[in-house]
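Trainee: For the record, in the sequence shown the residue sitting at position 7 is 72 according to this note's numbering, with numbers rising by one throughout.
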Amino acid sequence: MSKFNRRNFIKSVAAVTAATISASQASADTFTQVPKKSPISKNKTVMGLTSAKMPVVRIGFIGVGERGYGHVKHCCHIEGVEIKAICDIHQDVLDKSNQYVVAQGLAAPDQYTGSDLSYKDMLNRQDIDIVIISTPWRWHTPMSVDTMESGKHAFVEVPAATTVEECWQLVDTAERTQKNCMMMENVCYGRDELMVLNMARHGLFGELLHGEAAYIHELRWQMKETDRKTGSWRTYWHTKTQGNLYPTHGLGPVSQYMNINRGDRFDYLTSTSSPALGRKAYAQREFSAEHERNQLNYINGDMNTTVIKTKLGRSIMVQHDTTTPRPYSRHNYIQGTNGAFAGFPNRIAIETPPQKIAAQYENDYQIALKHWLDSGQIGRKPSAPSFHHWDHQLAKWQAEFDHPLWLKMGEAATQNGGHGGMDFLMLWRMIYCLRHGEALDQDVYDAAAWSVIAPLSADSVTDRSNSKDIPDFTRGIWQTAKPLGIIG
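Written out as structure tokens, the structure is:
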């Protein structure tokens with residue numbers, strides 16, 4: 066966005082107050098009920114929040130059965146970390162994590178178990194700086210709130226919240242306690258996503274107009290996890306709601322390209338879903354007629370499509386499908402006035418490419434043209450360089466636009482793994498910011514804005530796809546907040 070356009074836009078926008086919100090109440094009986102409308106905060110914003118430098122970041126983990134175990138492993142290989150304690154309701158996964166930590170020559174963490182609320186005993190400790198939360202979705206907000214209330218920074222898996230009220234609860238608690246609450250959206254640290262962010266910051270795509278994001282990932286097999294693991298609880302979400310259950314993986318990077326909450330923000334959305342057929346059919350095929358999976362009423366549409374409109378008038382399509390048989394995709398599409406990047410597979414089309422790449426295009430074309438002429442003009446004449454044709458050869462673009470953070474840490478990230486290295490890089494960057502007293506790349510406003518798409522999409526689907534306002538969790542700060550820089 067040009068300075069001229071942004072300046073005029075900011076002048077024309079009045080201060081935005083918290084909107085009246087409709088969504089379902091938190092499902093857990095023991096959790097404090099939160100008002101549907103958040104009052105104007107008297108607390109200081111946490112946009113750009115920094116804390117005192119931590120020579121050593123002391124970590125506690127809640128949940129190490131699935132994602133959490135990977136986080137424990139990665140943190141063992143990051144400088145300046147001490148793993149002080151681990152909490153889980155299952156003893157075997159606690160022992161597995163402890164064994165890995167000790168095998169790396171580190172001190173064995175203390176263990177907390179016994180009940181769903183054992184994590185509160187861990188939070189009473191004074192020798193923990195941050196808590197990494199990797200539990201079923203319904204626990205994310207309560208555990209994050211309790212973590213901040215205990216004087217610690219909260220780092221929580223996606224989504225950070227499942228209701229509009231929970232989103233406000235995270236924001237209000239972070240502002241009151243002045244503690245970080247970062248949703249760990251690992252896809253923001255993928256090599257491709259970082260490169261596209263760098264491209265957008267260099268103005269390669271021109272003025273940004275439209276984005277597309279998705280979580281298209283066939284996960285019916287998780288229905289067979291009936292006692293433990295993700296499918297034992299995630300399956301039931303398909304019986305509770307009719308919207309986008311899991312919007313943040315694709316949406317996080319696109320939001321960063323567009324400077325959401327830092328120059329623009331989500332305004333409203335509309336959402337629609339296909340029929341819910343796939344999981345019922347899978348259950349009938351894979352389980353006996355009397356099996357519990359065949360007694361459930363699956364209501365969440367197999368494909369959900371949500372369209373978000375931003376305050377600057379941009380559009381974002383977000384899709385969710387974990388049921389139908391099709392290849393994995395996050396879309397990762399960004400369109401501007403000068404061209405586009407699309408993922409899965411990666412490809413790019415630019416009307417006016419950088420001079421160096423334009424020269425490569427012309428050289429490649431002349432070589433192809435000469436080959437065509439030398440061959441006696443057999444076959445189709447090669448096309449001249451044009452944005453009408455996708456460029457699938459990304460090496461030259463990576464050489465020009467690979468993100469500095471990936472250039473610095475990409476090799477270590479790849480070696481340590483975790484979804485191609487993005488998990489390790491995310492954790493490394495979190496620890497780096499805390500040790501150096503720098504603001505985190507994502508904050509509680511991002512956690513709320515990206516997570517709230519789930520409950521609001523459900524509201525829209527059940528209301529004949531009528532639009533739903535998206536709250537301004539920043540309370541107007543988005544108009545003057547600085548965009549995420551190209552760090553590293």
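Beta carbons: idealized from backbone N, C-alpha and C, even for Gly.
For clarity, every value in this text was computed on a predicted model and none was experimentally measured.
1) Pair every Cβ in the segment 217 to 234 with every Cβ in the segment 192 to 200, then say whether three or more of these pairs are closer than 8 angstroms.
2) Do the segment 365 to 381 and the segment 270 to 283 touch if we need at least three Cβ pairs shorter than 8 angstroms?
3) Three Cβ pairs or more, each shorter than 8 angstroms: is that satisfied between the segment 250 to 265 and the segment 486 to 505?
4) Return yes when the Cβ of Thr227 is within less than 8 angstroms of the Cβ of Ala504, no when it is not.
5) Closest to Gly404 by CA distance: which of Glu416, Pro410 and Asn397 is it?
6) Assuming the contact rule is C-beta atoms closer than 8 angstroms, Tyr177 and Met208 should be a hit. Round their C-beta distance to whole Å, please.
7) If you compare alpha carbons, which of Arg190, Gly170 and Cys141 is closest to Cys152?
8) Here's a check: name, in chain order, each residue in its chain whose Cβ is nearer than 7 angstroms to the Cβ of Gly550, leaving out the five neighbours to either side.
9) Rounding to the nearest angstrom, what Cα-Cα distance links Asp160 and Gly128 in this structure?
10) At what residue ranges does the segment 149 to 217 contain a whole run of the alpha helix (DSSP H), taking only runs of 4 or more?
11) What first and last residue would you give for the beta strand (DSSP E) that runs through Ala407?
12) According to the Cβ coordinates, are Gln307 and Lys109 closer than 8 angstroms?
13) Report yes if the CB atom of His155 is closer than 8 angstroms to the CB atom of Gly130, and no otherwise.
14) DSSP has Glu147 in a bridge; who is on the other side?
15) Return yes when the Cβ of Ser530 is within less than 8 angstroms of the Cβ of Thr375, no when it is not.
16) Does DSSP classify Gly482 as helix, strand or coil?
17) For the candidate residues Val210, Asp257 and Ala150, whose alpha-carbon lies nearest to that of Leu472?
18) When you compare each of Glu240, Asp528 and Asp534 to Ser106 by their alpha carbons, which one comes out closest?
19) Return the Cβ separation of Pro224 and Tyr322 in integer angstroms, given the expectation that the two are a contact with Cβ distance under 8 angstroms.
20) Keeping to the same chain, check which residues put their C-beta closer than 7 angstroms to that of Thr295; ignore five residues upstream and five downstream.
21) How long is the line joining the alpha carbons of Pro120 and Arg500, rounded to whole angstroms?
22) Residue range of the beta strand (DSSP E) that Glu277 falls in?
23) For Trp455, does the count of other Cβ atoms within 10 angstroms reach 16, so buried, or fall short, so exposed?
24) Looking at the structure shown, is Phe452 part of a helix, part of a strand, or coil, going by DSSP?
25) Could you round the C-beta distance between Ile364 and Ala341 to whole angstroms and report it? I think they count as a contact, below 8 angstroms.
26) Given this structure, state the Cα-to-Cα distance separating Glu476 from Gln463, to the nearest angstrom.
27) From Asp508 to Phe331, what distance separates their C-alpha atoms?
28) Look at the Cβ atom of Cys141, then the Cβ atom of Gln164, and state whether they are nearer than 8 angstroms.
Mentor: Looking at the coordinates:
1) These segments touch.
2) With a cut-off of 8 angstroms, the segment 270 to 283 and the segment 365 to 381 count as touching, because enough Cβ pairs lie within range.
3) Contact annotation: the segment 250 to 265 touches the segment 486 to 505, with at least three C-beta pairs closer than 8 angstroms.
4) No. Outside cutoff.
5) Per the Cα distances, Glu416.
6) Not confirmed; about 13 angstroms, so no contact.
7) It is Arg190.
8) None.
9) Near 12 angstroms, if we compare the C-alpha coordinates of Gly128 and Asp160.
10) DSSP runs (the alpha helix (DSSP H)) wholly in the segment 149 to 217: 156 to 168, 184 to 188 and 205 to 214.
11) Residues Gly404 to Ala407.
12) Cβ distance not < 8 angstroms, so Gln307 and Lys109 don't count as in contact.
13) Yes. Within cutoff.
14) Within the DSSP secondary-structure output, Glu147 pairs in a beta bridge with Arg123.
15) The answer is no: Cβ separation not under 8 angstroms.
16) Coil.
17) Shortest Cα-Cα distance from Leu472 to any of Val210, Asp257 and Ala150 involves Asp257.
18) Per the Cα distances, Glu240.
19) For a cut-off of 8 angstroms, the C-beta gap from Pro224 to Tyr322 is around 20 angstroms, too long to register as a contact.
20) Answer for Thr295: Glu131 and Gln287, listed in chain order.
21) C-alpha separation (whole angstroms): 6 angstroms.
22) Leu273 to Ile281 is the span of the beta strand (DSSP E), which, as asked, contains Glu277.
23) Residue environment analysis places Trp455 among the exposed positions, since fewer than 16 neighbouring C-beta atoms fall within 10 angstroms of its C-beta.
24) Note: Phe452 maps to coil in three-state DSSP.
25) Indeed they touch by this definition, with Cβ atoms about 5 angstroms apart.
26) The alpha-carbon separation between Glu476 and Gln463 amounts to approximately 15 angstroms.
27) Roughly 16 angstroms between the two C-alpha positions.
28) No. Outside cutoff.
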